[in-house]
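Residue -13 is where the sequence shown starts when you use our numbering, and the numbers rise one by one after that. Idealized CB from N, CA, C, for every residue including glycine. Nothing here was measured: the structure is a model prediction, and the numbers come from that model. First comes the structure, then the notes that go with it.
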Amino acid sequence: MSEVKDMSEMTDNNSSNVCPVIWKAEDNKFLIKMGDSVKFVVPFPMAGILSYKGQSQETAFKVDAGDIIEFYPEFFPGELTWEIEVRDQGLTAVAKVNHLKPGFYVLPETLDDNITIRFQDLLIWQDTKPQGPYWDQRKFLGDLQAHGIVFGVLPGAWYNISMVQGKREVVIAQGKPPTLPVAAQLVDLLTKKETALEEDQRIDHFASKLKLVNAGQALARKIPGVPGTPGRNVKGQEIPSQKPRDFQFKLKKNVQLSEDGLEVMATVAGLPLRMDELSFGVEPAYILNQDLDLSIGSIEFPGDVFISGDVHDGLHIFSEGKVEIRGSSSRAEIRAEKGLTIYRNVLAGKLVVGARYVVRSKLLHDLQALHDDLVACLMITEDFINSPHGKDLKPGQCLKLIIERRFPGLPKQASDLEKFLLATKDELIQQDLVISVRSAKRFLGGLGPLDPQALPLLGRVSQAFEQIIGNITLDVPEKLECQVDYVQGALIECAGHFSCRKGTYNSIIQAAGDVRIEGVCRGGRIISGGNVVIKELGGSGITATTVQFPGTKRLKVGYCYANVVIVVDKEIITIDEPYKSLEIYREHGKVEVERLKG
């Protein structure tokens, strides 16, 4: 404390101009005499007791000049203690620290003679040696062990405790919380963002707008959830993580899960179905309960197609199954692989039934014809080379002479077949077939026969044709049929049977099976691979009507007009006058015609 002064020093004739004087009494108290300017005193109870006129003062009070107040400072022995508490389900440990420094407050030597004396602003802290409980780092480590805190103790925990002034909570250990799991996610593999059209691009209003899937195609995929990692509390105990949220696909018709169970796979080709967020299926048939117009667009579907209305101009239907149209078809192209039924009129347009068979049938027919003529041409050329007439000519000259005189259409056959191969997509059209046909075209046309290698190479081409023809199979679906009500100005190609309920006008109908027309057939051409039955054939005042069928089959006509041409194999029969009950067939190698005059 400050030096002890005699009380007489605090009395003076000019005491009103003297600042308060501090002196130290033996009982550790301060006496303070008020000057003329001091009017108020504000105590600081935390520092000790302030007494005025024998009473302890804890709030501001008024004084007069010359008054003496007493200040009894409180001595703090000092303390560093704590209480450890584990919170947040064991994830956090805190120490409630109580750190009080040892010492007491003293007054300065002199005080300003202000209106108000605030002890909190005047007092000066003076340190002393600690006398209370003062825990150390060893005590801290022992408390950690006593509470079982063995995980996540912060490296600076003791330093943070020792730096506390007063009372405060200090985090001393922090556990590891478990990480949150990642839920399983659903990826829709059929949803695609529409790309913006460039300025030079145009929308094809006649194109198919259906979004289809193929057999084996994935409709949706599940990205498995990721489980969270376990945590650990401050006592070293494991905190389990939550399981990730999962879901299961709902499988409807014609779908199955992949081997790993993460994808929904289509078992058939068709139209994908989405009942709800997790339900998937595939519809193998397409049903349209209205007209097929530009609002729907064309249909390209791998299964059966059913149209309850009409098919409008310019549109097309390509189906790998059956097609059934309850209305009419106008200037449309319809391709059905397994059958076609149109309940009303077919005006212009094109119908193809069993397209794969039709393509292969034409391929086999044209290839066989080219092979037969090529074999005959080579045989005759060989005989001509060995004859007296050809002994003075080179082999190439002989070949060219025979082609020009006996087989003038052979080069065109090879050229037309090459065009067909290049324009047709079929698994039977392989590179070796295209090369063989191109070789035939090269050595049969122009100056090709004069090439010294023409004859031996054409011989190899002929052998290649024979082998390819032997490998071509024509599998026609059972009961493949094209049924229409009325046809006018249309082109029809059918790999099975063809039937018409009312009549055909100026149409070309080619069927690999039987042809049956229950009404009239006027104008156009019918090419049948089976029997032909027509109620009324031809008509007066129209162009010639032609019917062609093989000699192993039979033609039956209820009434036949004049100007009708019948072709049986390569034999042509012209009907010049009307007949009833006309029947034509081949028997014992001869074409028989049975008829009654009309």
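(request) For A33, collect the residues of the same chain with a Cβ closer than 6 Å to its Cβ; drop the 5 residues on either side in sequence, then sort them by chain order. (result) Residue numbering aside, residue 33 sits at position 47 when the sequence shown is read from its first letter. Once the five neighbours on either side are set aside, the close Cβ partners of A33 are Y91, L109.
(message) Can you tell me which residues form a DSSP beta bridge with I494?
(response) Looking up residue 494 in the sequence shown gives position 508. Answer is L477, R511.
(message) Less than 9 Å between the beta carbons of K539 and G516, yes or no?
(response) Position 553 of the sequence shown, counting from 1, holds the residue named residue 539. Position 530 of the sequence shown, counting from 1, holds the residue named residue 516. In contact: K539 and G516 (Cβ atoms closer than 9 Å).
(request) Taking F292 as the reference, give the member of L280, D299, E269 with the closest Cα. (result) Mapped onto the sequence shown, residue 292 falls at position 306. Nearest of L280, D299, E269 to F292, Cα basis: E269.
(request) Out of Y38, R73, R428, T67, state which residue places its alpha-carbon closest to the alpha-carbon of E56. (result) By one-based count along the sequence shown, residue 56 stands at place 70. Selected option, being the one with the closest Cα: Y38.
(request) Could you tell me how far apart the beta carbons of A204 and M251 are, in whole angstroms, since I believe they sit closer than 8 Å? (result) The residue given as residue 204 occupies position 218 in the sequence shown. The residue given as residue 251 occupies position 265 in the sequence shown. The Cβ separation is near 6 Å, so the contact holds.
(request) Indicate the three-state DSSP secondary structure (helix, strand or coil) for P435 in the structure shown. (result) Residue numbering aside, residue 435 sits at position 449 when the sequence shown is read from its first letter. Reduced to three states, the DSSP call for P435 is helix.
(request) Mark Q534 as exposed unless 16 or more other C-beta atoms lie within 10 angstroms of its C-beta, in which case mark it buried. (result) In the sequence shown, residue 534 corresponds to position 548, counting from 1. Per the 10 Å Cβ criterion, buried.
(request) Below 8 Å on the Cβ atoms is my guess for I303 versus I285; work out the distance and round it to an integer in Å. (result) Within the sequence shown, residue 303 is the residue found at index 317, counting from 1. Within the sequence shown, residue 285 is the residue found at index 299, counting from 1. Yes, they are in contact, since the Cβ atoms of I303 and I285 sit about 5 Å apart, within 8 Å.
(request) Answer yes or no: do L326 and V344 have a C-beta to C-beta separation smaller than 9 Å? (result) Here residue 326 corresponds to residue number 340 of the sequence shown, with the count starting at 1. Here residue 344 corresponds to residue number 358 of the sequence shown, with the count starting at 1. It is not a contact, given that the beta carbons lie outside the stated cut-off.
(message) Is the beta carbon of V83 closer than 9 Å to that of V157?
(response) Position 171 of the sequence shown, counting from 1, holds the residue named residue 157. Position 97 of the sequence shown, counting from 1, holds the residue named residue 83. Cβ atoms of V157 and V83: not closer than 9 Å.
(message) Short of 8 Å in beta carbon distance, which residues of its chain neighbour I561, apart from the five on each side in sequence? Order them along the chain.
(response) Looking up residue 561 in the sequence shown gives position 575. Same-chain partners within the cutoff: G524, C546, Y547, A548, N549, V550, V551, I552, L568.
(request) Buried or exposed for L433, please, with buried defined as at least 16 other CB atoms from any protein chain shown within 10 angstroms of its CB. (result) If you number the sequence shown from 1, residue 433 lands on position 447. When all chains shown are included, L433 counts as exposed.
(message) Beta-carbon within less than 7 Å of E180's beta-carbon, same chain only, minus the 5 sequence neighbours each way: which residues are those?
(response) To locate residue 180, count along the sequence shown from 1; it is residue 194. In this prediction, E180 has a pLDDT of 47, which is less than 50 and means its spatial position is unreliable; what the coordinates show is noted afterwards. Nothing listed; no residue qualifies.
(message) Does A409 pass the burial test, meaning 16 or more other C-beta atoms within 10 Å, or should it be called exposed?
(response) Taking the sequence shown and counting its residues from 1, the one referred to as residue 409 is at position 423. Under this definition A409 is an exposed residue.
(message) Quick check on the burial criterion: 16 or more other C-beta atoms within 10 angstroms. Buried or exposed for H596?
(response) Residue 596 cannot be examined here, being either before or after the span of the chain that is shown, -13 to 584.
(request) Classify V150 as helix, strand or coil using the three-state DSSP reduction. (result) If you number the sequence shown from 1, residue 150 lands on position 164. Coil.
(request) Report the residue from V554, D358, Y120, F30 whose alpha carbon sits nearest the alpha carbon of V585. (result) The structure shown does not extend to residue 585, since the chain is modelled only from -13 through 584, so no value can be given for it.
(message) Only counting the same chain, and skipping five residues up and downstream in sequence, which positions put a Cβ closer than 6 Å to that of V577?
(response) For the purposes of this step, residue 577 is taken as residue 591 along the sequence shown, with counting starting at 1. These residues qualify, in order along the chain: V554, E557.
(message) Measuring straight from C-alpha to C-alpha, what distance separates V297 and F233?
(response) Here residue 297 refers to the residue found at position 311 of the sequence shown. Here residue 233 refers to the residue found at position 247 of the sequence shown. Each residue's alpha carbon lies about 43 Å from the other.
(message) Taking the alpha helix (DSSP H) that E368 belongs to, which residues open and close that run?
(response) To locate residue 368, count along the sequence shown from 1; it is residue 382. Segment 341 to 372, the alpha helix (DSSP H) holding E368.
(message) In this structure, how does DSSP classify E390 when only helix, strand and coil are distinguished?
(response) Along the sequence shown, read from residue 1 onward, the residue named residue 390 stands at position 404. E390 falls in the helix class under three-state DSSP.
(request) From the DSSP output, in three-state form, read off M20 for me. (result) To locate residue 20, count along the sequence shown from 1; it is residue 34. Residue state, collapsed to three classes: coil.
(request) Given a cut-off of 9 Å, decide if R424 and E404 are closer than it, judged by their beta-carbon atoms. (result) By 1-based counting over the sequence shown, the position of residue 404 is 418. By 1-based counting over the sequence shown, the position of residue 424 is 438. Yes, the pair counts as a contact, with Cβ atoms nearer than the cut-off.
(request) Report the option in W111, L77, A450 whose CA atom is closest to the CA atom of N219. (result) Here residue 219 corresponds to residue number 233 of the sequence shown, with the count starting at 1. If we check each option's Cα against that of N219, L77 comes out closest.
(message) According to DSSP, is L396 part of a helix, a strand, or is it coil?
(response) As a first step, residue 396 must be located in the sequence shown, where it is residue number 410. Three-state DSSP puts L396 in a helix.
(request) Spatial neighbours of I54 within its chain, please: CB distance less than 6 Å, with the 5 preceding and 5 following residues excluded, ordered by chain position. (result) Here residue 54 refers to the residue found at position 68 when the sequence shown is read from its first residue. Only L17, K19 meet the Cβ criterion.
(request) Buried or exposed for K566, please, with buried defined as at least 16 other CB atoms from any protein chain shown within 10 angstroms of its CB. (result) Residue numbering aside, residue 566 sits at position 580 when the sequence shown is read from its first letter. It counts as exposed.
(message) Measuring only the C-alpha atoms, how far is C480 from D369?
(response) Taking the first residue of the sequence shown as position 1, residue 480 is located at position 494. Taking the first residue of the sequence shown as position 1, residue 369 is located at position 383. Taking the straight line joining both Cα atoms gives about 42 Å.
(request) Express the C-alpha separation of K542 and L582 in angstroms, rounding to a whole number. (result) Working through the sequence shown from its first residue, we reach residue 582 at position 596. Working through the sequence shown from its first residue, we reach residue 542 at position 556. Looking at the two C-alpha atoms, the distance is approximately 12 Å.
(message) Residues in the same chain with beta-carbon distance under 7 Å from T67, minus the five sequence neighbours each way, listed in chain order, please.
(response) As a working mapping, residue 67 is identified with position 81 in the sequence shown. Closer than 7 Å at the Cβ level, and outside the excluded window around T67, lie N84, P119, W121.
(message) Please report the straight-line C-alpha distance between A497 and I513, rounded to a whole angstrom.
(response) Locating residue 497 in the sequence shown gives position 511, where the first residue counts as 1. Locating residue 513 in the sequence shown gives position 527, where the first residue counts as 1. Whole-angstrom Cα-Cα distance: 6 Å.
(request) Give the DSSP-derived three-state secondary structure of S526 in the structure shown. (result) Here the question's residue 526 lines up with position 540 in the sequence shown. Looking at S526 - three-state DSSP - the assignment turns out to be coil, as it is neither helix nor strand.
(message) Give me the DSSP bridge partner(s) of N84.
(response) Reading the sequence shown from its first residue, position 98 is the one you call residue 84. Answer by DSSP bridge pairing, in chain order: T67, K153.
(message) Quick check: what's the CA-CA separation for Y571 versus P536?
(response) What you label residue 571 is simply residue 585 of the sequence shown in a count that begins at 1. What you label residue 536 is simply residue 550 of the sequence shown in a count that begins at 1. Cα-Cα distance, rounded: 9 Å.
(request) Would you kindly work out how many angstroms separate the C-alpha atoms of V49 and L97, rounded to a whole number? (result) The count along the sequence shown starts at 1 and reaches residue 49 at position 63. The count along the sequence shown starts at 1 and reaches residue 97 at position 111. When rounded, the distance between both Cα atoms is 15 Å.
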